[in-house]
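Protein chains in written order, with this note's numbering: chain L, 1 to 312; chain U, 1001 to 1312. Even for Gly, the Cβ is constructed at its ideal location relative to N, Cα and C. Beneath this line is the structure, given in structure tokens, with notes to follow.
There are 2 protein chains.
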Amino acid sequence: MGAGETPETDHSGVRVWLVPTPVGNLGDITLRAIEVLRGADAVACEDTRRSGALLAHLGIARPLVRLDAHTMSRAPQVLSRYPRLAYVSDAGSPGVSDPGSELVAAALSLGGRVEALPGATAFVPALVLSGLDSARFTFEGFLPRSGRERKERLDAVATRTETSLLYESPHRLHATLQDLIATCGPERRASVSRELSKRFEETRRGPLSELADYFAGTVRGEVVVVVAGRPLGGLLPGQSAPDYPQMAEGWTRQGHDVREVRTLLQGAGLRKNDAYGLALSAAANVTSSVAASVAPSVGTEAPTDQAGNTSD
Amino acid sequence: MGAGETPETDHSGVRVWLVPTPVGNLGDITLRAIEVLRGADAVACEDTRRSGALLAHLGIARPLVRLDAHTMSRAPQVLSRYPRLAYVSDAGSPGVSDPGSELVAAALSLGGRVEALPGATAFVPALVLSGLDSARFTFEGFLPRSGRERKERLDAVATRTETSLLYESPHRLHATLQDLIATCGPERRASVSRELSKRFEETRRGPLSELADYFAGTVRGEVVVVVAGRPLGGLLPGQSAPDYPQMAEGWTRQGHDVREVRTLLQGAGLRKNDAYGLALSAAANVTSSVAASVAPSVGTEAPTDQAGNTSD
């Protein structure tokens, strides 16, 4: 165990450790995180007051340097003064939904070596506690607060078949649950976790409509919303399934042959084999309805389909 | 800090703690994980030999019970014997890509209380070290080894605009990189991380083709592959963009009015406003080309479009 075991392959002497910190319970920090924080030249952080309290709790006295989204351009100077730099975000693993990734790029561009220590995140416990499918999932972070990009992200959550994970602030939770109901429908399964790892940790599971009722008032603590994927073949609110058979028959009547109808159906979203089957049955249906409608007047004349084949 | 702070709201006395364990470096375990393992009635695990070695390293002597995917049906009996049960997987956070989620369901159905401790995963450090967009990402876990479902998952990786994370075993890495090249194209940015948090940890970044060359031989250690999302508007190998203008003109020539063409274009994947604009311009183009082609022979007669409007 320990940072001393890792090989020194960098040429600049610059080393950056991204160090995960607790998301709530101060015990959720690893032995190696403590060791790295203690051994670094300095600890860079988003908020010196917040990270200073953590270091004090751990009994670690190292210089603290602010390096957040607004000051990240100072990374090269900080690294030249403190070439063995630990980086912590406000909570959880630096580099996911926070400015750590820019520091990684700065250190690598200087020829330095970067390590990301495994450790706490808020979304993994929330996913596991949701009871929803955890085999595949998409992390969305915080949604944009308004506008077209928010709508697009909500549509993506509604449409994908994987479980989705969202961060939300407590005073915006109810509005976001309402928006999710509008895009995913009230019956979509979901869960809301708040104050994870803290004394009053709570995870509530159920359909979105129930969660919106339950969390109608103000809640405390940062929130993770987990939304089940769209059931296969399930329709979204206001969505009606394309009437592929009707489309196929329409194109067949207009004179497209089976191959062309298949291509048009693929363009409209069907798989190749499904499109081919539907194109074939449309050709058969159109031919037989032509046969039925022309039979009384034409008598014994055999109707032909668009490709010139005689039916029956 | 500590498990003692959490409220006892269950009625059965059953409590389950999902405890993350190191993915490589034995120092990557949290203070609270050690405390919970030490205080539990027993530790359930996938592999008693592996988890026994971890407990021995930590100086913890608790009963070990095997509870893996094949024996998970025994969860109720195990919980009745050891109502305060810690659960660890072979490595990382239980419940993501392993059987922990079934134990959660069993404990909740008994009216018990479940806590998921924040801690180590392999995919978060791999994502951060990849240098790729970490604002949104999809975790795919291990791909199916063959067949239609593997193809569908590879297509999903190629198509989505979010970063994708895959686990892979070392002897299958090269084949999976080749499959990714086939679906995403050789230029797609990616990274491969192996032996994360261990002595010979390595992260290699570059286009898929370079990574496939570099990892052509056998590698050691479990692997995380991170694949950049599809560039917006980018085409996949063998894919040509639907020729929407041509489709629109085709339908217009067949006699569909602007509203019908718009609906057909939406069915083929266009947004409503884009579809409307294209339907309008198709109507205009078809009308003017009709005008051009009929002009020599028809002389002064004004051509009309499908809706019966006179052009010009």
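Check whether residue i and residue j have beta carbons under 8 angstroms apart
i               : j               : result
S1197 (chain U) : G1024 (chain U) : yes
V1128 (chain U) : G100 (chain L)  : yes
V192 (chain L)  : V223 (chain L)  : yes
L1166 (chain U) : V1014 (chain U) : no
S89 (chain L)   : E46 (chain L)   : yes
L67 (chain L)   : A53 (chain L)   : no
V219 (chain L)  : R253 (chain L)  : no
W17 (chain L)   : L117 (chain L)  : yes
A158 (chain L)  : T121 (chain L)  : no
L103 (chain L)  : A75 (chain L)   : yes
H1174 (chain U) : A1216 (chain U) : yes
E1140 (chain U) : R136 (chain L)  : yes
A284 (chain L)  : E249 (chain L)  : no
G1112 (chain U) : S1012 (chain U) : yes
A1086 (chain U) : A1040 (chain U) : yes
L154 (chain L)  : L180 (chain L)  : yes
G1027 (chain U) : L31 (chain L)   : yes
R1230 (chain U) : T1161 (chain U) : yes
G221 (chain L)  : G1119 (chain U) : no
Coarse secondary structure for residue i, derived from DSSP in three states
i               : result
Y1087 (chain U) : strand
Y1167 (chain U) : strand
L64 (chain L)   : strand
P157 (chain L)  : Checking the sequence, you will find Val at residue 157 (chain L) rather than Pro. DSSP places V157 (chain L) in helix when its eight states are reduced to three.
E149 (chain L)  : helix
S193 (chain L)  : strand
P144 (chain L)  : coil
E1008 (chain U) : In this prediction, E1008 (chain U) has a pLDDT of 43, which is less than 50 and means its spatial position is unreliable; nothing more can be read from the coordinates.
L1037 (chain U) : helix
P125 (chain L)  : helix
A1044 (chain U) : strand
P22 (chain L)   : coil
E1115 (chain U) : strand
T218 (chain L)  : coil
V1014 (chain U) : coil
R1136 (chain U) : coil
T1071 (chain U) : coil
R199 (chain L)  : coil
V96 (chain L)   : coil
G299 (chain L)  : Below a pLDDT of 50, predicted positions are generally treated as unreliable, and G299 (chain L), at 39, falls in that range; no measurement from the model is reported.
R205 (chain L)  : strand
Inter-residue spacing [alpha-carbon to alpha-carbon] between residue i and residue j
i               : j               : result
R1049 (chain U) : R84 (chain L)   : 37 angstroms
R1189 (chain U) : S1134 (chain U) : 14 angstroms
T176 (chain L)  : L1079 (chain U) : 37 angstroms
V1124 (chain U) : T1138 (chain U) : 11 angstroms
S1130 (chain U) : L108 (chain L)  : 11 angstroms
V1328 (chain U) : A33 (chain L)   : Nothing can be reported for residue 1328 (chain U), as the shown portion of chain U is limited to 1001 through 1312.
V225 (chain L)  : E168 (chain L)  : 7 angstroms
A156 (chain L)  : H171 (chain L)  : 23 angstroms
L1143 (chain U) : A1069 (chain U) : 18 angstroms
L264 (chain L)  : Q1266 (chain U) : 13 angstroms
A56 (chain L)   : T21 (chain L)   : 13 angstroms
D243 (chain L)  : L278 (chain L)  : 11 angstroms
E1115 (chain U) : L280 (chain L)  : 55 angstroms
D305 (chain L)  : A1275 (chain U) : Reliability fails at D305 (chain L), whose pLDDT of 44 lies under 50, so the model's placement of it is uncertain and the value that follows must be treated cautiously. So the two alpha carbons sit approximately 32 angstroms from each other.
I1029 (chain U) : P245 (chain L)  : 58 angstroms
G185 (chain L)  : Y214 (chain L)  : 17 angstroms
8 angstroms Cβ cut-off: residues of chain L touching residue i
i               : result
S1134 (chain U) : G95, V96, S97, S101
Beta-carbon neighbours of residue i, restricted to chain U and to distances below 9 angstroms
i              : result
G119 (chain L) : P1020, D1028, T1030, P1118, G1119, A1120, T1121, V1124, P1125
G131 (chain L) : S1101, V1104, A1105, L1108
V128 (chain L) : L1018, S1093, P1094, G1095, V1096, G1100, S1101, V1104, V1114, A1116
S89 (chain L)  : Residues of chain U passing the Cβ test: none, with the nearest at roughly 11 angstroms.
Amino acids of chain L, ordered along the chain, whose beta-carbon sits closer than 7 angstroms to that of residue i
i               : result
E1162 (chain U) : T138
S1288 (chain U) : Those do not exist, as S1288 (chain U) stays about 23 angstroms from chain L at its closest Cβ, beyond 7 angstroms.
S1146 (chain U) : Per Cβ cutoff of 7 angstroms: no residues; S1146 (chain U) is ~18 angstroms from chain L at best.
Contact set between residue i and chain U, taken where Cβ atoms lie within less than 8 angstroms
i              : result
V157 (chain L) : Ordered by position in chain U, no residue passes the 8 angstroms Cβ test against V157 (chain L), which lies about 11 angstroms from the chain.
E35 (chain L)  : G1027
G141 (chain L) : A1135, R1136
Chain U residues whose Cβ lies nearer than 7 angstroms to that of residue i
i              : result
Q254 (chain L) : Q1254
Chain-ordered chain L contacts of residue i [CB-CB under 9 angstroms]
i               : result
S1051 (chain U) : What S1051 (chain U) touches in chain L: nothing, since even the nearest Cβ is about 17 angstroms away.
S1209 (chain U) : Near S1209 (chain U) there are no residues of chain L at all, since even the closest Cβ is about 21 angstroms away, more than 9 angstroms.
S1080 (chain U) : Going along chain L, no residue has its Cβ under 9 angstroms from S1080 (chain U), so there is no contact; the nearest lies around 21 angstroms.
Residue i CB to nearest heavy atom of the ligand SAH below 7 angstroms
i              : result
V104 (chain L) : Annotation note on the ligand SAH: not contained in the displayed structure, which lists no ligands.
Worksheet item: Should the region 135-152 of chain L be regarded as contacting the region 201-208 of chain L, the criterion being three or more beta carbon pairs within less than 8 angstroms?
Response: no
Worksheet item: So, do the region 1250-1265 of chain U and the region 1210-1223 of chain U have three or more beta carbon pairs nearer to each other than 8 angstroms?
Response: no
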